[in-house]
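If you're matching positions, the sequence shown starts at 59 in our numbering and goes up one per residue.
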Amino acid sequence: MLKIRINGIVQGIGFRPFIYRLASQLDLKGTVFNTSSGVEIEAIGPEKDLQKFVEMIKEDHPPAAQIRSMDIRTIRDKKYSSFTIKESIPEKGITLISPDLSLCSDCLQELFDVKDPRYQYAFINCTNCGPRYSVIRDLPYDRPGTSMKNFKMCDYCHRQYTDPMDRRFHAQPVACPECGPQLKLLNNDYSEVKGDPIERTRELLLKGKIIGIKGIGGFHIACDASNKKAINILRKRKDRPSKPFAVMVLWEKLSTIVHYNKADTDHLNSIAAPILILKKKTDSVLPGIAPDNPYLGLFLPYAPVHYLLMNKKLPMMVMTSGNFQDEPIAIEEKGLGPLCDYYLTNDRPILNRSDDSILMPLDELTIMARRSRGYAPLSMDLPAGKVSVPTLGCGAHLKVTFSLCNGQTLFLSPYIGNMDNKKAFDFFNETIKIYQKWFKIEPQLVACDLHPDFYTTRFAESLGLPLVNVQHHHAHIVSVMAEYGINEPVIGIAYDGTGYGLDKNIWGGELIVSEYHQFKRYFHLKYMPLPGGDSAIKHPFRIAKAYLLSSGIDDSIIRGLSKTEGEVITRQIENKFNLFHTSSMGRLFDCVSAMLGLVKEVTFDAQAAMALEFLCEDKNGVNPKDVYPYRFEGDEIDVGLILEGVTQDIKKKVALSIIAWKFHNTVIEFTIDGVKRIHSSTGITKVVLSGGVMQNRIILSGLIRRLKEENFLPYVPVKLPVNDGCISAGQVIIANHFRKDRKV
Ligand code: ZN
Ligand code: ZN
Ligand code: FE
C-alpha cells in the first residue's frame, strides 16, 4: 500500500475528487483526505497500477493545483473495501490558499448552453475555477467561512456539491440562478435600473456611458474602448490625463491590435488572467487609451460577467481599477458615485480585494510589474536557513506589498499601492491581520525601510517588536537572491527612482556587492541636486535645470520652464537652499527626457522616463550604437560628461531618437564598466538586476545581453515584482541575517 503526502495548492481546486476519479478508474482501494498542510492519500492495488496512479497525479492534476512536494512511502496494507473521500482532519501546519481562478472552459461552455440550468448565470464556477482568495473569511476553506455563507444551496447545486464524481464536488462558491447571487444594475444614485442587467449595461456602454463593474477582486470602471469621447470623460473623472488604461479584449480581436507570442498567450489564458503589456501593431490602435505609448495593457475576460457583457458589438472595454487616485481598489459601489454613470453590481461580497496583476514580456522573460489577483496569496519557498523567526516585512512607500514569513515559507501580500492616504493604510493594516490569522504567523521580528517618515516605518515601530531598518536597494537585490536561492555574494545593479540611503541622501543608481547580511556600495551615480525634493519629480524641467546648472553646463537648451521657475531654481542651487542630493537613475532619465523637451508635467510614475524610452522605438529610431563619454571618479559615476554630450547633440539638432538611443547605450555601457571594475577586485560573476528602471525594456534587455557577452550571469526576478513590490520580501530576509549577526 502506498501512503502519499502532497503539499502545495491542493485544496479548494478539486484535487480530492480528481484523486477519487483516478483511483476509481484504476480500480484502486483506499482513501484521500485534506490535512491542514495538504492532501494525504492511501492507495492499495497492483504495483503497476499504483505506479501509474502516481504518474497521473503528477501529470494530469487539475490546472489550478500546484504540487510543491510529494512524499511517497510504501506501508503495510490496511483494510479498504473501496476508495473514499474522508472528511478533513484538523492538525497543526498551514493550509495554502488558492488565488482567484479565471473561468474554466467547461464552465464557459455551460454559460452559453441554453439547456444548462446555469445558462447565462454570472456566478457559474466549479472546482477548477471561480473566486477563492476574494471570498474567504475563515479557514478551513468551507462554505460557512466564505462570503457565500448566506446563500443556501438548492437541491440541484447540493447534489453536485456532494457528488465526488461531479466537477462541483465541494466547490465552495457553487451556485445557480435559483439559489445564488444575482446581478443588479444601479444608477449612480444607487437606485435600481429596470431590465436585464447585462443587456442594459452593454447598451449603455455602447452609448458611451461609464459603468462600474463589480468583478472578482474589486470594481472596474469600464467604457467602450473604441469610444474616444467616453475615454476622455473617464480621464477627466479619474483625473488621469494620460496614464494608459488597461483594455479587456475578446480573444478573436487580440491579433488585430497587438503582437504576441506563445508565452504571452499562455499568460493571458492562465488561471491568473493577468494584464500583459504588449506591443501595438500600429500607433493608431485604440487612440486615447495609451497615448504616445507603443504598448497596450491587455487582458482577456476572466469572470463570467465579462463573457456575458462582451460580444461582437462590444469586443473591447477599457477596464481600469475602480478607485479614486491612490486609493485601493473599491469593493463596494458605495462612495464611487461620481466616477460612474451606472454600477453593475451583485450581492456576493468581496472580502479580500486585489487589483489585476500586470506582467511585462521582454525577450524570453516575463517580469512582474504588479503581483496581485491570481497570484495572492500564493507563497514562495525560501532557501533553507534564511529566515529563523516569524518575520513581517513592511515594504517601503510606493507600490507597497508586505511579506509575512514563518521561516520556510514567505507569503507576499497582494499589491497594496502607494501609502498616501488613510484607505491605503487601512488596507495595509487589515490585510496583515488576515494573513497572520490564515497562515498562523505571529511575527517576532519586524523589518522596514530606513526612511524615518514612511507610514510603513512608523507602523513597524508601533508593533513594539525587535526591529531592523533595511536599506532599500539592499532589499531589492536580496529579494532576487532569495528568489533564485543564491548563496554567495553577488554584484547588484539597483536602478530606481528613490530609496533612502545610509548617508540620508536619496539613492537610486547603485552598484553594490550584496550578501544577505550586508552590502557594500561600490559605485553610484554622482550626487545631483534635487530642488524641493518630491515636487521636482513632477516637474522634470526643474530637474534638468538643476542638473545642468550644477554641472556647469549651458542650460539654454531647456525650454518650457517659466522665467520665475528658472530663477527660483538658480537661486536654490546658488544658495544650496532646499536641495536634496540624489544618485537616482530615475531622475537622470527625467533630466535627459526634459532636456529633449518631452514631458512638462509628470502625471504618473515614470512618465518622463518612458517617453525617453519610447523615442527609441520611433519609426526612425535606429540605434547608432554610439555612447556619450562618461567618467568614473572614485566611487561616483560622473554624469556631467553625459549631459554635456546630450547638450551638444541637441544644439547640433541631432534627431531626438538618436539622442535617446545614445543615452540608453551610455547607461548600459557605464553599468557594464562598473560591473567589470567590481569583478576585477572581487571575482564575482553573478549579477542581480532590480529596481523600477529595469521596467525599461531597452535598459533591461541591453544589460542582459551585454552581461552575457562579458561572461557574467545575470539574474532578473520573475516571481517577485522587479519594482518596489519586492522590497518587503528582501527586508524579511535581511532582518533575519542582521538579527543573527547583531542580536537585535
Ligand atoms: Zn469551472
Ligand atoms: Zn442552486
Ligand atoms: Fe526601489
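Even glycine gets a Cβ: it sits at the ideal position worked out from N, Cα and C.
| query | Can you give, in chain order, each stretch of the beta strand (DSSP E) that sits fully within the segment 174 to 248 and has at least 3 residues? | reply | Runs of the beta strand (DSSP E) inside the segment 174 to 248: 241 to 245.
| Residue range of the unbroken beta strand (DSSP E) whose run includes Pro501 | No beta strand (DSSP E) holds Pro501; DSSP gives it neither H nor E.
| Sequence-distant residues of its chain with Cβ nearer than 8 Å to Pro396 (five each side left out) | Counting only Cβ-Cβ distances below 8 Å, and skipping sequence neighbours, we find Asn246, Arg295.
| message | Quick test of the definition: if touching needs 3 or more C-beta pairs under 8 Å, does the segment 362 to 377 touch the segment 200 to 211? | response | With the cut-off at 8 Å, the segment 362 to 377 and the segment 200 to 211 do not touch.
| Inter-residue spacing [alpha-carbon to alpha-carbon] between Lys720 and Val685 | Lys720 and Val685: Cα-Cα distance of roughly 5 Å.
| DSSP on Pro352, reduced to helix/strand/coil? | It is coil, neither helix nor strand.
| Does the count of Cβ pairs from the segment 416 to 423 and the segment 508 to 524 closer than 8 Å reach three? | As far as the Cβ criterion goes, the segment 416 to 423 does not touch the segment 508 to 524, which means the pair count is below three.
| message | Pull the bridge partners of Ile67 from the DSSP assignment, please. | response | DSSP, once it has assigned bridges, lists Gln124 as partnering Ile67.
| field | Straight-line Cα distance separating Ala602 from Ala713 | value | Ala713 and Ala602 have their alpha carbons spaced roughly 19 Å apart.
| request: Determine, using beta carbons only, whether Lys811 and Phe662 come nearer to each other than 8 Å. | output: Here the chain has residues from 59 to 802 only, and residue 811 is not among them.
| said: Is it buried or exposed, Gly749, if we count other Cβ atoms within 10 angstroms and call 16 or more buried? | reply: Residue burial annotation: Gly749 is buried, with at least 16 other C-beta atoms found within 10 angstroms of its C-beta.
| Distance between beta carbons of Pro386 and Phe485, contact taken as under 8 Å | Contact holds; Cβ gap of about 4 Å.
| query | Within this structure, are the beta carbons of Asp456 and Asn487 separated by less than 8 Å? | reply | For the record, residue 456 in the displayed sequence is Leu; it is not Asp. No, these two residues do not count as a Cβ contact at 8 Å.
| What does Thr449 pair with, by DSSP beta-bridge criteria? | BP columns for Thr449 point to Cys463, Leu503.
| Selection from Glu105, Gln69, Ser95, Phe141 that minimises the alpha carbon distance to Ala81 | Comparing C-alpha distances from Ala81 to each of Glu105, Gln69, Ser95, Phe141 shows the shortest one belongs to Phe141.
| task | Note down, in chain order, each residue of its chain lying with its Cβ closer than 6 Å to the Cβ of Tyr773, except the 5 sequence neighbours on either side. | result | If you ignore the 5 residues before and after Tyr773, its C-beta comes within less than 6 Å of the C-beta of Val538, Tyr542, Val746, all in its own chain and listed in chain order.
| Excluding the five sequence neighbours on either side, which residues of its own chain have a C-beta within less than 7 Å of the C-beta of Trp496, listed in chain order? | Within the same chain, Trp496 has close Cβ partners Ile155, Leu197.
| message | Give the list of continuous beta strand (DSSP E) stretches no shorter than 3 residues that lie fully inside the segment 538 to 626. | response | Within the segment 538 to 626, the complete beta strand (DSSP E) runs of at least 3 residues are 548 to 558, 564 to 572, 577 to 583, 586 to 589.
| Looking at C-alpha atoms only, which residue of Ile71, Ser430, Val97, Ile708 is the closest neighbour of Ala652? | Of the candidates Ile71, Ser430, Val97, Ile708, the one whose C-alpha sits nearest the C-alpha of Ala652 is Ile708.
| said: So, for Ile57: in the same chain, excluding its five sequence neighbours on each side, which residues have a beta-carbon less than 7 Å away from its beta-carbon? | reply: With the chain represented from 59 up to 802, any question about residue 57 goes unanswered, as that position is not in the structure.
| request: For Lys584, collect the residues of the same chain with a Cβ closer than 8 Å to its Cβ; drop the 5 residues on either side in sequence, then sort them by chain order. | output: When the five nearest sequence neighbours on each side are left out, the beta carbons in the same chain lying within less than 8 Å of the beta carbon of Lys584 are those of Ser641, Glu691, Glu694, Ile695, Asp696, Val697, Gly698, in order along the chain.
| field | Any non-hydrogen atom of ligand 2 within 7 Å of Glu168 CB | value | Outside the cutoff, so no.
| request: For chain D, find out if any of its Cβ atoms is closer than 8 Å to the Cβ of Arg74; answer yes or no. | output: Of the protein chains in this structure there is only one, and it is not chain D.
| query | Using the rule of at least 16 other Cβ atoms within 10 Å of the residue's Cβ for burial, across every protein chain shown, is Met223 buried or exposed? | reply | That one is exposed.
| said: How far does the beta strand (DSSP E) with Thr89 in it extend, from its first residue to its last? | reply: Thr89 -> beta strand (DSSP E) spans 87 to 93.
| request: Quick one: residues in its chain with C-beta nearer than 8 Å to the C-beta of Gln383, no 5 flanking neighbours on either side, listed in chain order? | output: So the list reads Lys296, Asp297, Arg298, once near-sequence residues are dropped.
| How would you call Pro104, buried or exposed, if buried means at least 16 neighbouring beta carbons within 10 angstroms? | Classification of Pro104: exposed, given that the 10 Å Cβ count is below 16.
| request: Could you tell me whether the Cβ atoms of Cys237 and Cys215 are closer together than 8 Å? | output: Their beta carbons are under 8 Å apart, which means Cys237 touches Cys215 by this criterion.
| Just checking, does the segment 357 to 371 make contact with the segment 329 to 347 on the three C-beta pairs under 8 Å criterion? | The segment 357 to 371 is in contact with the segment 329 to 347.
| message | Beta-carbon within less than 6 Å of Asn754's beta-carbon, same chain only, minus the 5 sequence neighbours each way: which residues are those? | response | Same-chain partners within the cutoff: Glu671.
| Simplified DSSP state of Ser437, which is helix, strand or coil | Note: Ser437 maps to strand in three-state DSSP.
| request: Express the C-alpha separation of Thr489 and Glu500 in angstroms, rounding to a whole number. | output: The straight-line gap from Cα to Cα measures roughly 14 Å.
| Any non-hydrogen atom of ligand 3 closer than 7 Å to Gly557 Cβ | Yes, since a heavy atom of ligand 3 falls inside the 7 Å radius drawn around the Cβ of Gly557.
| task | Report the residue from Pro510, Ser192, His575, Ser284 whose alpha carbon sits nearest the alpha carbon of Gly273. | result | That would be Ser192, whose Cα lies nearest to the Cα of Gly273.
| At what residue ranges does the segment 629 to 708 contain a whole run of the alpha helix (DSSP H), taking only runs of 4 or more? | With a minimum length of 4 residues, the continuous alpha helix (DSSP H) runs that stay inside the segment 629 to 708 are 643 to 653, 665 to 674.
| message | For the beta strand (DSSP E) containing Pro419, name the first residue and the last one. | response | Residues 416 to 420.
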